[in-house]
Ligand code: T3D
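In this note's numbering, the protein residues as written are 95 to 383.
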């Protein structure tokens, strides 16, 4: 008796996100190198859960995000069935045939459901975040990177607002981040043309903190994250809050916000520890989160 041939099960895709810990630094590595680490809904969900987990783990004092392979992230995976346009069936209509009409999908819904919670989760992390951009960062991949507190990029990395080339506007916080980081003229240049901005120019423009040699990127980024992890975490996070808020405040209101934050921080363990350690010429041990 013969049995019908069976199709071997497809090899499961490797974990799209790798999570590890070095000391007090949680490392998240986007891991879809065959698609330049493009975001699928699965990867977006895992990333958000991993950030939630880092936020709630009191042993974590900094998060480092990077990509596997030659790219950091090519933005939304345009072949993801959740967003790929479907085509109305039409007898004889082939690819390129004007009779073959794409059926619209709700991209805004995808943003509401996946990207907005992720971007907010990243921006409101209770610990500092570092991004090591190891190659091209495009579309939402670029803006996710730029949403981190400190962005380092390897010399061969580049940033591109790929949206205009496919008929969209910058998302994942791009409109807000770009204007604040590089000003309107350069934000418009990046957003309208969608050209690659090499890492060295990105540093010169003030888009990122540092461009380093490719071979040194991961060690530099880890050293930066470890350094942040030893600093007073809560004060760092309040610094992020004050700097972001300052863009929309009058000078006097910024002064008042600073005073209010110092009032809170001045009663906290880390300030008392920092001042005491300075006066007794020893290294401080910060604890607040
Ligand atoms: O629905 C929505 O769109 C809403 C969400 C929007 C947020 C967004 O992020 S929109 C922007 C989406 N991203 C892009 O438009 C970027 C598309 N990719 C590129 O422009 C180029 O790939 C890069 C400039 C990033 C890199 O170019 P290059 O020459 O180094 O690599 P490549 O040959 O173009 O790509 C290598 C492979 O990755 C290739 O697959 P293959 O041919 O080897 O099997 C390519 O198809 C794949 N890939 C690259 N980007 C994406 C992708 N696959 C799916 N989605 C991608 N975004």
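A virtual CB, placed ideally from N, CA and C, is assigned to each residue, including glycine.
Nonlocal neighbours in the same chain, by C-beta distance under 8 Å from residue i, ignoring five residues either side
i, result
"residue 288", "254, 255, 256, 257, 258 and 259"
"residue 351", "336, 339, 340 and 343"
"residue 372", "378"
Residue i versus residue j - alpha carbon distance
i, j, result
"residue 296", "residue 122", "23 Å"
"residue 162", "residue 375", "42 Å"
"residue 233", "residue 266", "8 Å"
"residue 116", "residue 151", "14 Å"
"residue 250", "residue 206", "33 Å"
"residue 201", "residue 262", "10 Å"
"residue 382", "residue 328", "6 Å"
"residue 335", "residue 168", "28 Å"
"residue 175", "residue 213", "22 Å"
"residue 268", "residue 306", "23 Å"
"residue 317", "residue 198", "46 Å"
"residue 245", "residue 270", "16 Å"
"residue 223", "residue 160", "11 Å"
"residue 185", "residue 280", "In this predicted model, residue 185 has a pLDDT of only 49, less than 50, meaning its place in the structure is not dependable; the value taken from the coordinates is given anyway. Rounded to the nearest angstrom, the two C-alpha atoms are 47 Å apart."
"residue 330", "residue 139", "27 Å"
"residue 154", "residue 146", "11 Å"
"residue 369", "residue 242", "29 Å"
"residue 128", "residue 365", "47 Å"
"residue 177", "residue 357", "48 Å"
"residue 211", "residue 220", "15 Å"
"residue 62", "residue 282", "The chain is shown from 95 up to 383; residue 62 falls before or after that span and cannot be answered."
"residue 170", "residue 132", "5 Å"
"residue 136", "residue 216", "17 Å"
"residue 367", "residue 380", "7 Å"
"residue 134", "residue 360", "44 Å"
"residue 313", "residue 126", "22 Å"
"residue 239", "residue 362", "31 Å"
"residue 109", "residue 355", "41 Å"
"residue 332", "residue 203", "31 Å"
"residue 319", "residue 173", "34 Å"
"residue 349", "residue 326", "21 Å"
"residue 124", "residue 231", "12 Å"
Residues of its chain near residue i, where Cβ-Cβ distance is below 6 Å and the 5 sequence neighbours each way are ignored
i, result
"residue 285", "255 and 264"
"residue 164", "229"
"residue 301", "275 and 276"
"residue 96", "Residue placement at residue 96 cannot be trusted, given a pLDDT of 47 that sits under 50; the coordinates are not used to answer."
"residue 148", "120, 154 and 157"
Residue interval of the beta strand (DSSP E) (run including residue i)
i, result
"residue 177", "Note, residue 177: premise wrong, no beta strand (DSSP E); not H, not E."
"residue 345", "Not the beta strand (DSSP E): residue 345 falls in the alpha helix (DSSP H), residues 345 to 360."
"residue 379", "No beta strand (DSSP E) holds residue 379; DSSP gives it neither H nor E."
"residue 231", "230 to 232"
"residue 159", "156 to 161"
"residue 227", "223 to 227"
"residue 123", "119 to 124"
"residue 245", "244 to 248"
"residue 307", "Segment: none, residue 307 is in no beta strand (DSSP E) and carries neither H nor E."
"residue 113", "111 to 116"
"residue 439", "Outside the shown range of the chain, which is 95 to 383, sits residue 439, and nothing can be said about it."
Limits of the unbroken alpha helix (DSSP H) element including residue i
i, result
"residue 57", "With the chain running from 95 to 383 in the structure shown, residue 57 is simply not present."
Sequence-distant residues of the same chain with beta carbon closer than 7 Å to residue i, five excluded per side
i, result
"residue 309", "none"
"residue 247", "227, 293, 296, 302 and 305"
is_contact[residue i, chain D] using C-beta, thresh 8 Å
i, result
"residue 205", "Looking for chain D here will not work: only one protein chain is present."
*Contact between the stretch 235 to 244 and the stretch 340 to 347: three or more CB pairs below 8 Å?*
Between the stretch 235 to 244 and the stretch 340 to 347, the count of Cβ pairs shorter than 8 Å is below three; the stretches do not touch.
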